[in-house]
Amino acid sequence: MVRSGPVPLDDPRAASPEMRELIDRGFVRRDYRDDPVLAPMEPVRAVDHAILGAQQRLVEQQRQIVSARQQLDMLQTVYRATYGGGSDAAVEVLSDPQRIGALSLELCLSAKEEFLTFTTRHFKRKPDANTAMALPEAVTERGVRLRNVYERAALEFEGAKGVVEASIAAGWIMRVAPELPMKMVIADQHSALLPLDPSGMEGAVFVRSPTIVAGLRMLFELVWSQAVPIGDGGQQRHGLTPTQAKVLDLLATGMTDGAIARHLDVSERTVRRHVQGLLDALQADNRVAAVHAATRLGWLG
C-alpha cells in the first residue's frame, strides 16, 4: 500500500480480513479528508505504535504473573494448614517414592544460586547418557551452579563415560570421591533431601532447618575439597593425550585398571598402556607417585 497508494473504502480490499488486521495493528488508518480511503501510516510511527503495544502487553502479562504468584502463595498457605500437617517442620520424613522423586525436582527448580548432589553406587535404575543428570531449561538459564560428587563405585559400570560426558555437557561440574556416606541433594541455603537408608528404598528426610542445611553444606564442601575433578578440559596437561588425561583423573580416585577400562569402554591392556605412559610423562615409579606428581603440577585441581 505504501507503493500502490490508498485504497477507497468502497473497494472490496478494504473489507478483507488482512486489511482489518492492519487497521487493528495501527499500520493503516481511515482518511476522510477527501474521498474516504484507507491510507498507510508512516512506517516509523506504525512500528513505534506496534512496539508500544507490545510493551503494554508485556507489562500486563508481568502484572498477571505477579498476581498469580501471590494467589499461589496464599493457596499454598491454605493447603499446608489444611492438609500438610507438619509440612513446615524443620525435618520431615517421607515414604512415598513418587513424592520423593517430585520433591527432588522441586528442589532443583527452586535453586537460585547452587544445586549440590552426592551420587552413590545405589541406583534404582542404572543411568544412561540419554537421561544423565538432565535438568529443566529454567535451571540452566538462571545460571544456577551445579556440582555433583560421584562415589567411585558409582562409575564402575559399562557406559559410565557417556553418563559423565552428558552430565558435563548439561552444565554439571563433576568430582569423584572414594566413598560417600549417603546420597544427598541440597538447594541453596534452604533445603536438603537425603535417604533414610543407603539404598534410598526406605524413604527420605526432607530438611528445612537452616542449621542442619548449613551442616550438610559443610559436609559437601569438605568432601568436594578432597574429591578429584573429572572432565576438566580447562587444565593444561602438557604432553598428555585426551585419553591419558581421563585415565589420570580416574587413577587419582583409586580405580583399578578393570574399573577404568569399563568406565572408558576400552580394554584393560589399553588402560595399562596409558598408565605406563603417565608414569613415563610424570617420571614416577608407581601410581601413587604419579598422582602426587600430577597434583604438584596442578593437573588434578
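Residues in the sequence shown are numbered consecutively from 21, following our numbering. Idealized CB from N, CA, C, for every residue including glycine. Given the structure is predicted, the values throughout are model-derived calculations rather than measurements.
For the candidate residues the options, whose alpha-carbon lies nearest to that of residue i?
i    : options                : result
D31  : A59, D44, L200, R45    : A59
A207 : A88, F138, V243, G220  : F138
P218 : T140, E185, A173       : T140
L320 : I280, V196, M204       : V196
T273 : E199, D44, L216, F240  : E199
R233 : Q118, E38, F135        : The question names Arg, yet the displayed sequence has Val at residue 233. Selected option, being the one with the closest Cα: F135.
A131 : E171, V164, R293, E178 : V164
R204 : E178, L239, F177, R172 : The amino acid at residue 204 is misidentified as Arg; the sequence shows Met. When only C-alpha atoms are compared, the closest one is L239.
Q118 : T261, S187, M221       : M221
K266 : S245, V291, A247       : V291
G179 : V308, A279, Q76        : A279
Q342 : R33, I43, E171         : The structure shown does not extend to residue 342, since the chain spans only 21 to 321, so no value can be given for it.
R53  : I43, R33, L29          : L29
A174 : V308, E41, A304, M275  : M275
Q209 : A186, A189, S187, R237 : R237
Going straight from the alpha carbon of residue i to that of residue j, what length do you get?
i    : j    : result
L114 : L270 : 36 Å
Q296 : V286 : 16 Å
G223 : A212 : 14 Å
A281 : E288 : 5 Å
V27  : D68  : 23 Å
A70  : I85  : 23 Å
G235 : I120 : 22 Å
P56  : R49  : 11 Å
A122 : D277 : 38 Å
L302 : E126 : 46 Å
L166 : P249 : 14 Å
G191 : E161 : 11 Å
P63  : A88  : 37 Å
V184 : Q264 : 17 Å
I188 : P230 : 30 Å
Report the CB separation of residue i from residue j in whole angstroms; it is logged as a contact under 8 Å.
i    : j    : result
R228 : A66  : With a Cβ gap of about 54 Å, R228 and A66 do not count as contacting.
E133 : F226 : Wrong, their Cβ atoms sit about 20 Å apart, outside the cutoff.
A314 : L268 : 6 Å
V79  : C128 : Wrong, their Cβ atoms sit about 30 Å apart, outside the cutoff.
P215 : M202 : 6 Å
M61  : G46  : 6 Å
Do residue j and residue i have their beta-carbon atoms positioned less than 8 Å apart in this structure?
i    : j    : result
A310 : L299 : yes
With DSSP as the reference, identify every bridge partner of residue i, one or two as the case may be.
i    : result
D68  : None; D68 has no bridge partner.
P32  : Bridge partners of P32: none, in fact.
V113 : V225
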